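In this note's numbering, the protein residues as written are 2 to 315.
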């Protein structure tokens with residue numbers, strides 16, 4: 002099964018709880034009125050779009066009605082799809098070109114969201130793109146974090162830089178960036194601690210790691226990706242807000258979209274943070290993490306252009 006097919010299948014619960022309910026609401030009204038808006042609001046909030054995103058999308062629909070782009074209920078869902086694509090593509094600048102130097106990517110997120118697994122999947126993806134990859138065990142605080150990352154490094158066949166548990170995370174980054182530079186590694190993936198309950202300490206640790214990385218490799222880290230678990234719904238949004246306060250984020254990795262009816266949280270995260278969704282995961286397999294494409298996501302969510310996507314996969 003190709004990735005679009007897996008994405009479409011993974012979004013089935015979200016489609017059932019969100020899109021189908023939206024379609025049911027708009028079909029139930031002969032004309033667009035405040036009662037319809039109230040029912041749409043309830044459906045969107047239930048689908049974990051969050052208050053801010055729900056209000057934004059309802060305002061967009063009202064604008065569409067005023068401009069006559071929406072003439073009746075049949076026009077609502079296609080118009081909503083267009084708004085969702087535009088929201089997800091907002092500020093979606095391409096990743097900076099790092100040709101000639103090592104791209105250093107910090108992976109952040111609270112413990113338990115799957116940072117280590119995400120690093121393993123990213124390592125495999127970049128290797129398949131013909132790039133050399135190294136990983137760094139920068140989460141020296143959590144017991145067994147280094148061992149878990151070592152298993153992924155062995156599984157994907159990439160080198161790892163690690164120190165003993167409790168070591169200075171910045172020292173790991175210093176050694177890793179020096180080694181990556183010396184060996185002309187294309188991508189260095191750095192695991193980080195996720196203990197948000199000591200936010201001030203975490204902030205200083207991440208800043209120190211970033212300073213050290215920049216000393217060895219100009220411009221590093223070029224990316225800081227926040228890993229979020231879609232199954233946690235609005236808790237993921239709360240985590241995103243907190244990490245956004247701690248460290249400047251360049252993108253989000255949203256995992257476990259296949260295991261939840263709360264896929265609408267992707268819109269809430271984007272609206273709240275204003276940073277791009279860079280990667281989405283729709284399964285436990287090592288190939289189930291792929292770069293995010295807003296149009297493809299909307300097609301999978303709304304069952305649009307299915308045949309064209311499936312032909313591309315064939």
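Note that the Cβ used here is the ideal one computed from N, Cα and C, for glycine as well. All values reported here derive from a predicted model rather than from experimental measurement.
Length of the line joining the Cα atoms of residue i and residue j
i, j, result
"residue 120", "residue 159", "11 angstroms"
"residue 62", "residue 186", "48 angstroms"
"residue 104", "residue 28", "49 angstroms"
"residue 206", "residue 243", "15 angstroms"
"residue 33", "residue 68", "14 angstroms"
"residue 127", "residue 202", "32 angstroms"
"residue 26", "residue 239", "29 angstroms"
"residue 101", "residue 182", "10 angstroms"
"residue 311", "residue 11", "15 angstroms"
"residue 316", "residue 132", "Examination of residue 316 is not possible in this model, given that the chain is present from 2 through 315 alone."
"residue 124", "residue 292", "13 angstroms"
"residue 216", "residue 150", "25 angstroms"
"residue 73", "residue 56", "20 angstroms"
"residue 109", "residue 170", "13 angstroms"
"residue 118", "residue 83", "33 angstroms"
"residue 258", "residue 15", "9 angstroms"
"residue 38", "residue 271", "22 angstroms"
"residue 13", "residue 129", "28 angstroms"
"residue 204", "residue 66", "45 angstroms"
"residue 219", "residue 94", "21 angstroms"
"residue 86", "residue 305", "13 angstroms"
"residue 143", "residue 241", "21 angstroms"
"residue 221", "residue 313", "36 angstroms"
"residue 70", "residue 156", "52 angstroms"
"residue 64", "residue 288", "40 angstroms"
"residue 75", "residue 223", "44 angstroms"
"residue 200", "residue 236", "17 angstroms"
"residue 30", "residue 148", "57 angstroms"
"residue 35", "residue 196", "44 angstroms"
"residue 91", "residue 315", "31 angstroms"
"residue 184", "residue 309", "42 angstroms"
Beta-carbon proximity of residue i to residue j, cut-off 8 angstroms
i, j, result
"residue 225", "residue 250", "yes"
"residue 276", "residue 253", "yes"
"residue 180", "residue 135", "yes"
"residue 268", "residue 54", "yes"
"residue 401", "residue 59", "Outside the modelled stretch of the chain, which goes from 2 to 315, sits residue 401, for which no answer is possible."
"residue 141", "residue 174", "no"
"residue 52", "residue 23", "no"
"residue 138", "residue 146", "yes"
"residue 274", "residue 234", "no"
"residue 106", "residue 188", "yes"
"residue 191", "residue 168", "no"
"residue 89", "residue 307", "no"
Element boundaries [alpha helix (DSSP H), containing residue i]
i, result
"residue 134", "Element bounds for residue 134: not the alpha helix (DSSP H) but the beta strand (DSSP E), 134-137."
"residue 285", "Here residue 285 belongs to no alpha helix (DSSP H), and DSSP marks it neither H nor E."
"residue 252", "Where residue 252 is concerned, there is no enclosing alpha helix (DSSP H), although the beta strand (DSSP E) it sits in stretches over 252-256."
"residue 39", "35-47"
"residue 26", "21-28"
"residue 85", "77-90"
"residue 121", "116-129"
"residue 312", "307-314"
"residue 175", "170-183"
"residue 166", "Counting along the chain, residue 166 falls outside any alpha helix (DSSP H), and DSSP gives it neither H nor E."
"residue 11", "4-11"
"residue 215", "200-217"
"residue 52", "52-67"
"residue 154", "146-157"
"residue 94", "That residue, residue 94, is in no alpha helix (DSSP H); it is neither H nor E in DSSP."
"residue 269", "266-274"
"residue 70", "Note, residue 70: premise wrong, no alpha helix (DSSP H); not H, not E."
"residue 247", "235-247"
Terminal residues of the beta strand (DSSP E) in which residue i lies
i, result
"residue 140", "Unbroken run through residue 140: none, as it is neither H nor E."
"residue 324", "Residue coverage of the chain in this structure runs from 2 to 315, which leaves residue 324 outside it and unanswerable."
"residue 225", "224-230"
"residue 188", "188-192"
Rounded Cβ spacing between residue i and residue j (contact assumed at less than 8 angstroms)
i, j, result
"residue 290", "residue 122", "4 angstroms"
"residue 265", "residue 49", "5 angstroms"
"residue 194", "residue 17", "Residue 194 to residue 17, Cβ: 37 angstroms. No contact."
Residue-level contact to chain C via CB, residue i, 8 angstroms cutoff
i, result
"residue 127", "Of the protein chains in this structure there is only one, and it is not chain C."
Three-pair Cβ contact test at 8 angstroms for the stretch 78-85 versus the stretch 150-168: no
Check whether the stretch 102-121 and the stretch 224-238 touch, using three or more Cβ-Cβ pairs below 8 angstroms as the test. yes
Should the stretch 5-23 be regarded as contacting the stretch 293-309, the criterion being three or more beta carbon pairs within less than 8 angstroms? yes
For the stretch 278-296 against the stretch 6-21, do three or more pairs of beta-carbon atoms, one drawn from each stretch, fall closer than 8 angstroms, so that the two count as touching? yes
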